[in-house]
Amino acid sequence: MRLIVVKILLVVLGCLQLSIGHAKTVEFNQFERLSDQLGGRQSSVYAIYRSSHDFLWFATDTDGVLRYDGYDYEPWSQYLFPSGQRVSYSSLLLSSDEKLWAATWGNGLVSWNANTQVSRRYMHSTDSPASLRDDRVQTLFQDSRQRLWVGTLNGLSYLEDIAGGDWQMQGLPAEHPLRRQRIWWLAESNDSLWVATSQGLYQLSLDLAQWQHYLLNAADEGPNRQNEIRTVAVFDEEVWIGTDFGVFFFNQEHQQFEPVTFPAGADNLSQVRSNVLLSDPFAADDGTFWSGGAGGLYLIDRERKQYIELQGGWSKLAEVDVRSIAFDSVGDMWVGARDQGIFFGRRDRQNFTTTIDSDQLTALGLPDQRATNVVYYDADDDLWLGFAEGVLHQDAQTQAWQMLSFPPEDFVNQVETLFVDTDDTLWVATNTRLYRADANNPKKLERFTLLHEQLALSDQAVNEIFPISDDELLLAFWGEGIARFNLTTQTATWEFQGLAGLRGNQVYDIAYLEQFGYFAVTRYSGVFQRANDSEQWQSIAIKPPEASGGDDFLCVYAEPPATLWLCSIEGVWQVNLADGTQQLLSMKHGLPSDRVVGVHADNEGFIWFLTSLGLARYDATTKSIINFGLSDGLPAEVMLRQSVDMNSAGRLTVGSVKGAVSFDPAAISLNPESPQVALTELVISGENRSPELGFAASQLTLAPEERSFVVQYSVLDFHDATRNSGRYRLLGADDEWSDWSFNREISFAGLAAGDYVLQIEGRNSQGIVSSQPTELAIRVLRPWWQTTWALVLAVVLLGLAVYLLLRLRFRALEAVNKRLDEEVQIRTRELEQANAQLLRQSQTDPLTGLLNRRGFSECFLQTQQLLAQRNEAIALVLLDVDYFKQVNDRYGHDVGDEVLRRIASILQQRLRKDDFIGRWGGEEFILLLPNTDAESAVRVCEALRKAIAEMLIEVQGQQLAVTATFGVTAQADAKVGLEQLLKHADDALYQGKSSGRNQVVIR
1 MRLIVVKILL VVLGCLQLSI GHAKTVEFNQ FERLSDQLGG RQSSVYAIYR SSHDFLWFAT
61 DTDGVLRYDG YDYEPWSQYL FPSGQRVSYS SLLLSSDEKL WAATWGNGLV SWNANTQVSR
121 RYMHSTDSPA SLRDDRVQTL FQDSRQRLWV GTLNGLSYLE DIAGGDWQMQ GLPAEHPLRR
181 QRIWWLAESN DSLWVATSQG LYQLSLDLAQ WQHYLLNAAD EGPNRQNEIR TVAVFDEEVW
241 IGTDFGVFFF NQEHQQFEPV TFPAGADNLS QVRSNVLLSD PFAADDGTFW SGGAGGLYLI
301 DRERKQYIEL QGGWSKLAEV DVRSIAFDSV GDMWVGARDQ GIFFGRRDRQ NFTTTIDSDQ
361 LTALGLPDQR ATNVVYYDAD DDLWLGFAEG VLHQDAQTQA WQMLSFPPED FVNQVETLFV
421 DTDDTLWVAT NTRLYRADAN NPKKLERFTL LHEQLALSDQ AVNEIFPISD DELLLAFWGE
481 GIARFNLTTQ TATWEFQGLA GLRGNQVYDI AYLEQFGYFA VTRYSGVFQR ANDSEQWQSI
541 AIKPPEASGG DDFLCVYAEP PATLWLCSIE GVWQVNLADG TQQLLSMKHG LPSDRVVGVH
601 ADNEGFIWFL TSLGLARYDA TTKSIINFGL SDGLPAEVML RQSVDMNSAG RLTVGSVKGA
661 VSFDPAAISL NPESPQVALT ELVISGENRS PELGFAASQL TLAPEERSFV VQYSVLDFHD
721 ATRNSGRYRL LGADDEWSDW SFNREISFAG LAAGDYVLQI EGRNSQGIVS SQPTELAIRV
781 LRPWWQTTWA LVLAVVLLGL AVYLLLRLRF RALEAVNKRL DEEVQIRTRE LEQANAQLLR
841 QSQTDPLTGL LNRRGFSECF LQTQQLLAQR NEAIALVLLD VDYFKQVNDR YGHDVGDEVL
901 RRIASILQQR LRKDDFIGRW GGEEFILLLP NTDAESAVRV CEALRKAIAE MLIEVQGQQL
961 AVTATFGVTA QADAKVGLEQ LLKHADDALY QGKSSGRNQV VIR
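Residue numbering for the sequence shown follows full-length UniProt numbering, starting at 1 and increasing by one per position.
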């Protein structure tokens, strides 16, 4: 039944305009234009479709159909049009029967069956009234009755699945007005379909029996664009339309179009064209939706029918003609643009805030966001931050910041620790000196030399300050040990000096547990404990004997009553002192990095880990780990050693190489949704068979000769896809899960005939694991010789085989004996080679590839005997990298390791083949120069010193240069022992260090 067309007058609601309110804190403050296929080329992206599998699909004019899995854009046009013709696409849709539908501009409608890998094309035909109305397809829509609607430039058609996957095109009655209109968009309410056309809005009953027509400008009906509706959307049964003149609400009760307006006071703002309307499914019913059009993205308040002022203006992407919008599985926004590709807007969850912003730093005369080495809250909740230029102080009451700079004549590049004692004295320990200030009224930092004087120390760094009572402190000195200082008597005494024998050793951190006493972790010597009833520090074992890695720890954190957390380069150790158990948490458990540099508990029952690749939150109850990186709002992923503290309100502040951030652990916003895992690529025996996977393949059959294949998978969480990881197992071959890995390829070779199930679990960047594994059932067919008829034939031939075998028995025994002899010889050679390899490894330093102490000592003895027989001279050189600790402290151990490798390379390139080079320990190298007198040795070392000084290493965009000091001794009589030569060389080295470094000294 056809209803009379009702012409509705435009009602301008200017009288309902409200005053401008505050700008809405929108969750999308920055958009990134992708530089891949879509962004790098001038593509127009007319549709973005998120499938139920969480893939994103893009319909473009120049790049065809692309499927995005978080890592790659997979071209799909080759499957839709196997001929390879270039096609412009306008819309996409995936139906429930695993068919991909693609609307094209000029090539009709095409579908691709994922189960059969067959495409089918629907075109306009003048001979069939039920055919597609036009080959220029504008939009696709599937309604609640599973009908697939196809809107074209010349009318509306629909398809129905009439026989389990056999979709047939249906046409509206010949007199129906929607057979002659340009169809822009479709939407559905509870009882109607809403169709946006070139001549107004149509309401169509779901049984298609009734329709009604509404005009935006009834007075201008006709072949013009005054009544063109470009898009329509239904939000909670409210109908909204987008036009060239802006966005309108359709009042169904009064059959009126009510315009969305700018609030009163927003001068010189005109209505803007709208191409797409979409609500944010992650916006928690905030009563808003987005409009995308020629002026970018606008946010609209449904209740007020007004545009919402955003941060920085009224729109996002103001220079972009928006044609499509979609939200991915984690709520991030994807925007398709005309001639500009695609833009990605990451949802800002605002978990972390910069502790001190750029404007405040500028006001204090400081560079923007420097490395923050120390974070400390005092008893009054004042915040103290330590970095290269000095100490920043924030008063807890006034929130005002103050800068305390180091004296300009002092060379300080790192604050090691901060502490405010019970007398309100601020202690500042640096890599060179100790400073103090009045914490209540800090004016300046003053040198404090009393401890160094009493302990007969030079300018050794203080690495840690730890209170043991109101009037006593423990202070850890670099390379020495731990001293106790009495605040009342102002006296210092050594408490522990067990580190002085190992160059570069130091106490990194001290912690205390009431039942167990004090614990100190060191750089090279493991962990020491001082029990409450003892004055002695004793070395204790933390790692089990079978654990890898050395006894180096980076921090210790005490969690009462009996737990210690210890940072290391292989993860973080949790030690229960009550029962003696320990466990190592590492990347395979969900940490973003094995290098853990800090630990702190919060008031919510979580443990926070600082790593070299971001923050991690550990729930000891569920054993789950949530990770946070750059995509979550951190200024940098590289956290600094134990640069973390919490105030009395439970607010945590952490330091990184790009400043500090603060956050409330109780207010952390997470997306708890588990990611889906999808198979994205299949290569069998070198042939790409990815289409067989479809969109969610569940089984795979391999021919007998196809026993090797490679599967690639994707974790479909796009928040920070590069940090997603996965693990797998192949049931039927191995029931054990693999370790978590960032590698997305799984390869198998030589599978025996039988049935297997490949299970894959995914984990997103925050550590949330997929709710259930993705499974692929794999059947490897048996070869012909394992079939029944082959077995029967084998039995027949068995008798003949036995006869032949008996005849050949004697010859076979001879062959076996010969083969055994050959195998014995092979095994003997292999054993000799293995022993030689083990010997080389035991004598080689793994970092530089040079001789280690053992290897060098053995080479020295052999060479000394030979030189002594010939009465030839011998020279020994010790060289030490100057200020190497500062390189490590400032740039990290990775840079320090690179410095050592580069120096080793220079030594290898410039010395003779007969010379021997070794790494003697830490930053110290040793050279043996046979048949070399003192003058020649000095000349060689001077050339090496200059080469090292000219070496440049690029670090953080800067050129790092280092120098080295050489201690040389030469003897005409090679009978002198290694210990005596070492003493002379070490004395010369010490003299060179004491007199300015970067020189060659002979003794």
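Heads up, the beta-carbon is just placed ideally off N, CA and C, and yes, glycines get one too. All values derive from a computational prediction rather than experimental measurement.
Rounded to whole angstroms, the Cβ separation of E188 and S144 is 6 angstroms, and the two are in contact under 8 angstroms.
E935 sits in a helix when the DSSP states are folded into three classes. Per the C-alpha coordinates, the member of S525, L487, S995 positioned closest to P467 is L487. The segment 654–687 contains, as complete beta strand (DSSP E) runs of 3+ residues, the segments 659–663, 677–684 (chain order).
Contact check between the segment 717–730 and the segment 758–778: three or more CB pairs, one atom from each, fall below 8 angstroms, which counts as touching. Of the candidates D244, A868, V462, L204, the residue whose Cα lies closest to the Cα of N227 is D244. When the beta-carbon positions are compared, N29 and Q311 come within less than 8 angstroms of each other.
At least 8 angstroms separates the beta-carbon of V276 from that of G296. About 6 angstroms separates the Cβ atoms of R782 and P704, confirming a contact at the 8 angstroms cut-off. For the 8 angstroms CB-CB criterion, L418 and V374 form a contact. The Cβ atoms of L900 and E923 lie closer than 8 angstroms to each other. Comparing C-alpha distances from S111 to each of T126, S125, L93 shows the shortest one belongs to L93.
As a beta-bridge residue in DSSP terms, S469 pairs with E472.
With respect to L634, L615 sits close: the two C-beta atoms are nearer than 8 angstroms. Fully enclosed beta strand (DSSP E) runs of no fewer than 3 residues occupy 874–881, 916–921, 924–930, 952–955, 958–961, 964–971, 1000–1002 of the UniProt domain "GGDEF" (872–1003), in order along the chain.
Counting only the Cα atoms, F628 lies some 26 angstroms from A511. Beta-bridge analysis with DSSP links K99 to S95, N113.
When the five nearest sequence neighbours on each side are left out, the beta carbons in the same chain lying within less than 8 angstroms of the beta carbon of Q369 are those of T354, S358, L361, P635, K658, G659, in order along the chain. Looking at the DSSP output, M646 sits in a beta bridge with L652. For S274, the enclosing beta strand (DSSP E) begins and ends at 274–278. With a threshold of 16 other beta carbon atoms within 10 Å, Y803 falls short and is exposed. When the five nearest sequence neighbours on each side are left out, the beta carbons in the same chain lying within less than 6 angstroms of the beta carbon of A492 are those of L451, Q454, L455, A483, F485, in order along the chain. With at least 16 other beta carbons inside 10 angstroms of its own, S279 counts as buried. In this structure the segment 587–603 touches the segment 538–557; the number of beta carbon pairs closer than 8 angstroms is three or more. Between the beta-carbon of L960 and that of Y891 there is about 7 angstroms, and that keeps the pair under the 8 angstroms contact cut. For D619, the enclosing beta strand (DSSP E) begins and ends at 614–619.
Residue T963 holds the alpha-carbon nearest to the alpha-carbon of K885 among L928, Q909, E942, T963. F742 sits exposed, since fewer than 16 C-beta atoms from the chains shown fall within 10 Å of its C-beta.
Taking 3 residues as the shortest admissible run, the segment 385–462 contains the following complete beta strand (DSSP E) segments, listed from N- to C-terminal end: 390–394, 401–405, 415–420, 425–430, 434–438. Taking all protein chains shown into account, E950 has fewer than 16 neighbouring C-beta atoms within 10 Å of its C-beta and is therefore exposed.
Scanning W494, L153, D470 for the CA closest to the CA of E480 turns up W494.
T788 counts as exposed, since fewer than 16 other beta carbons sit within 10 angstroms of its beta carbon. Short of 8 angstroms from the beta carbon of D471, and not among the five residues preceding or following it, lie these beta carbons of its own chain, in chain order: T422, N486, L487, T488. As summarised for the segment 513–574, the continuous beta strand (DSSP E) elements at least 3 residues long and confined to that stretch are 517–522, 527–530, 538–540, 555–559, 563–568, given in chain order. Look at Q252 here: in three-state DSSP terms it is coil, with no helix or strand label. In the three-state scheme derived from DSSP, where H, G and I count as helix and E and B as strand, G799 is classed as helix.
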